[in-house]
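**Student:** Please find one structure pasted underneath; my questions will follow.
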Amino acid sequence: MMRIEWTGEQELDPSIRKKMQEAADQCPVSEGIEVPVAISVRLCDDNAISEINSEFRGISRSTDVLSFPTVDYPAGMTAGQCGKLLQQEYDDELNACFLGDIVIAVPHIFAQAAEYGHSPEREAAYLLVHGICHLMGYDHMEEGDKAKMRRMEEKVLSEVSVLRETGITDADRELVQAAVKAMEKSYSPYSGFPVGAAIRGTDGRVFTGCNIENVSFGLTNCAERTAVFKAVSEGTRSFDAIAIAANQTPWPCGACRQVLAEFAPAIRILLCSNGQVIEKNLSELLPFSIELETKESEK
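In terms of my numbering, the sequence shown opens at residue 2 and continues consecutively.
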């Protein structure tokens with residue numbers, strides 16, 4: 002559990018605070034932190050965060066979230082790898098290792114939720130997770146670091162089911178979580194774009210896959226096809242849903258759409274990125290797939 006010291010002049014509905022706490026509790030679990038940790042969170046207005054931004058960053062404008070970590074992590078390392086450094090920040094009063102301070106502008110929660118078309122609960126949880134990731138040593142100044150941070154944010158948000166679409170079922174959430182986990186196995190040194198997929202057979206079995214790149218780019222295999230080929234090789238040929246996860250909306254390529262159409266022309270596709278899930282049907286993405294009668298269909 003993440004202990005949070007709440008401060009500030011702005012109030013939030015208890016349901017929003019509850020979702021924020023759930024997301025915060027998941028952060029040390031996903032990061033692999035083995036010691037109790039704590040943070041402070043100030044909820045303020047645009048003027049207050051603008052003043053803080055100006056004082057500490059020299060930027061005289063409002064923003065959504067600011068983070069001030071207490072730990073100076075070695076280059077390339079994050080909190081889960083730095084247990085001894087965390088222990089140096091142990092606070093007797095908190096009975097936990099203090100990771101740092103986060104400031105969140107409450108007006109931005111509601112404005113960005115409306116802009117992106119999701120709930121204030123989801124936006125508030127995302128901003129807090131983003132801030133905590135900074136406190137755990139993540140950053141997004143370089144593309145490689147940004148991808149690493151996005152994967153952690155995605156992992157946390159999927160674990161606490163902070164999803165955009167209200168029609169997503171518990172089984173779908175599990176499928177999304179499996180796809181997010183599969184992202185971690187991605188071999189994508191050339192594009193720097195890890196993708197994970199999890200496909201569910203009508204028999205209930207789930208098969209996962211990741212993108213596997215090759216220096217001869219044409220030999221690269223997408224996550225969706227990896228999952229499908231694994232399933233078919235294990236005897237499952239009928240599917241009802243596939244989840245695809247990445248740091249940006251992972252629209253399947255034409256080849257993957259055709260491979261999916263071979264076995265499940267009406268399959269539901271759950272596209273997951275940054276804690277949001279978009280649901281599509283394959284028929285929307287590939288309205289005119291290639292169809293031929295097979296020898297099996299003639300029997």
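Ideal Cβ positions, reconstructed from N, Cα and C, are used throughout, including at glycine. If you're wondering where the values come from, they're calculated on a predicted model, not measured in any experiment.
1. Just grab the DSSP bridge partners of Ser41 for me.
2. Quick check: what's the CA-CA separation for Ile105 versus Thr209?
3. Report the three-state DSSP secondary structure of Lys186 (helix, strand or coil).
4. Count the other CB atoms within 10 Å of the CB of Ile60; is the residue buried (16 or more) or exposed (fewer)?
5. Tell me the rounded alpha-carbon separation between Thr79 and Ser290.
6. For the alpha helix (DSSP H) containing Arg123, list its first residue and its last residue.
7. Name the DSSP bridge partner or partners of Ile243?
8. Pull up the DSSP beta-bridge partners for Gly210, would you.
9. Can you give me the C-alpha to C-alpha distance between Lys186 and Val38, rounded to a whole angstrom?
10. Let's see if you can read the secondary structure: which residues bound the beta strand (DSSP E) around Gln277?
11. Which whole-angstrom value describes the C-beta separation of Val42 and Ile103, a residue pair presumed to lie in contact below a C-beta threshold of 8 Å?
12. Are Arg226 and Val260 closer than 8 Å when you measure CB to CB?
13. Across which residues does DSSP place Ala228 in a beta bridge pair?
14. Pair every Cβ in the stretch 142-161 with every Cβ in the stretch 20-31, then say whether three or more of these pairs are closer than 8 Å.
15. Using 10 angstroms around the beta-carbon of Thr203, count the other beta-carbons present and answer buried if the total reaches 16, otherwise exposed.
16. Tell me which residues share the same chain as Leu128 and place their Cβ nearer than 7 Å to its Cβ, disregarding the 5 neighbours each side in the sequence.
17. Looking at the structure shown, is Gln11 part of a helix, part of a strand, or coil, going by DSSP?
18. DSSP puts Phe218 in a beta bridge; with which residues?
19. Would DSSP call Ala180 helix, strand or coil?
20. Mapping DSSP to helix, strand and coil, what is Ser16?
21. Using 10 angstroms around the beta-carbon of Glu122, count the other beta-carbons present and answer buried if the total reaches 16, otherwise exposed.
22. Cβ of Ser274 within 8 Å of Cβ of Pro251?
**Tutor:** With the given structure in hand:
1. Per DSSP, Glu6, Asp102.
2. Distance between the alpha carbons of Ile105 and Thr209 is about 36 Å.
3. The answer is coil: DSSP assigns Lys186 none of H, G, I, E or B.
4. Taking every protein chain shown into account, the CB of Ile60 has fewer than 16 other CB atoms within 10 angstroms, so this residue is exposed.
5. C-alpha separation (whole angstroms): 46 Å.
6. DSSP places Arg123 inside the alpha helix (DSSP H), whose first and last residues are 121-136.
7. Partner(s): Ile200, Ile270.
8. DSSP lists Ala198 as partners of Gly210.
9. So the alpha carbons of these two residues sit roughly 28 Å apart.
10. 277-282 is the extent of the beta strand (DSSP E) around Gln277.
11. The C-beta separation of Val42 from Ile103 comes to about 5 Å, placing the pair in contact by the 8 Å criterion.
12. With respect to the 8 Å criterion, Arg226 and Val260 are classified as neighbours on the basis of their beta carbons.
13. Residue pairing by DSSP places Ala228 in no beta bridge whatsoever.
14. A contact between stretches requires three or more CB pairs, one per stretch, nearer than 8 Å, and the stretch 142-161 meets this requirement with the stretch 20-31.
15. A residue is called buried once 16 or more other Cβ atoms fall within 10 Å of its Cβ, and Thr203, having fewer, is exposed.
16. For Leu128, where only same-chain residues beyond five positions count, the Cβ hits under 7 Å are Asp65, Val66, Ile105, Ile110.
17. For Gln11, the three-state secondary structure derived from DSSP is coil.
18. Bridge partners of Phe218: none, in fact.
19. Helix at Ala180.
20. Secondary structure at Ser16: helix, using DSSP grouped into helix, strand and coil.
21. By the neighbour-count definition (other C-beta atoms within 10 Å, threshold 16), Glu122 is a buried residue.
22. Contact annotation: Ser274 and Pro251 have beta-carbon atoms nearer than 8 Å.
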